[in-house]
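In our numbering, the protein residues as written are 33 to 147.
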C-alpha cells in the first residue's frame, strides 16, 4: 500500500468490550492494549461498528475513557480515501478485528479458533 499508514478496523461490541449491546460491555483490555500498541507503531485505527447516533457516541466516549483515540469512525482513513479518490461504504483496512470474523487462508475458510 505504499507509504501510508497500515489501517486496522476494529469492531466495538464483542471485540473492544464484552457484547452487552445496546449497553457498553466490560472492556477487553488485551485487545485495547494491542490496538494502542499498534497505533504507537504507526497504524491508523478505525472504529468499525454498526452503532449510530447516541449509541455510537457512547461507544466513542467509552473508547476515549479506555485510552483509544481513533483516526476514523466507520470510514476509511483520510489518506486511503485521498489515494483511491473514493469513499465507499465498505471501510478499507489492512486488518479487520471482529469477534464474528472468519479467516480465509489459501482459499479455505478457517474457523476463528483454528486461525
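We treat Cβ as the ideally placed atom computed from N, Cα and C, and that holds for glycine.
Does the region 126-133 come within contact of the region 40-52, defined as at least 3 CB pairs closer than 8 Å? yes
Residues bridged to residue 128 [DSSP beta-bridge criterion]: Position 96 of the chain shown, counted from the start, is the residue given in the question as residue 128. 41.
Extent of the continuous beta strand (DSSP E) to which residue 88 belongs: Counted from its first residue, the chain shown places residue 88 at position 56. No beta strand (DSSP E) holds residue 88; the alpha helix (DSSP H) holding it covers 85-97.
Give the straight-line distance between the Cα atoms of residue 47 and residue 139, rounded to the nearest whole angstrom. Indexing the chain shown from 1 puts residue 47 at position 15. Indexing the chain shown from 1 puts residue 139 at position 107. Roughly 25 Å separates the two Cα atoms.
Option nearest residue 65 by Cα separation, candidates 82, 51 and 96: As a first step, residue 65 is located in the chain shown; it is residue number 33 there, counting from the start. It is 96.
Can you grab the Cα-Cα spacing for the pair residue 81 / residue 113, in whole Å? One-based indexing of the chain shown puts residue 81 at position 49. One-based indexing of the chain shown puts residue 113 at position 81. Going by the C-alpha atoms only, they are around 19 Å apart.
Out of curiosity, what's the CA-to-CA distance linking residue 98 and residue 117? Counting from 1 along the chain shown, the entry for residue 98 is found at position 66. Counting from 1 along the chain shown, the entry for residue 117 is found at position 85. Using only the alpha carbons, I get a separation of about 33 Å.
Measure the CB-CB distance between residue 70 and residue 58 and report whether it falls below 8 Å. Numbered from its first residue, the chain shown carries residue 70 at position 38. Numbered from its first residue, the chain shown carries residue 58 at position 26. No, the Cβ-Cβ distance between residue 70 and residue 58 is not below 8 Å.
Going by DSSP in three states, residue 122 sits in which element: helix, strand or coil? As a working mapping, residue 122 is identified with position 90 in the chain shown. Three-state result, residue 122: coil.
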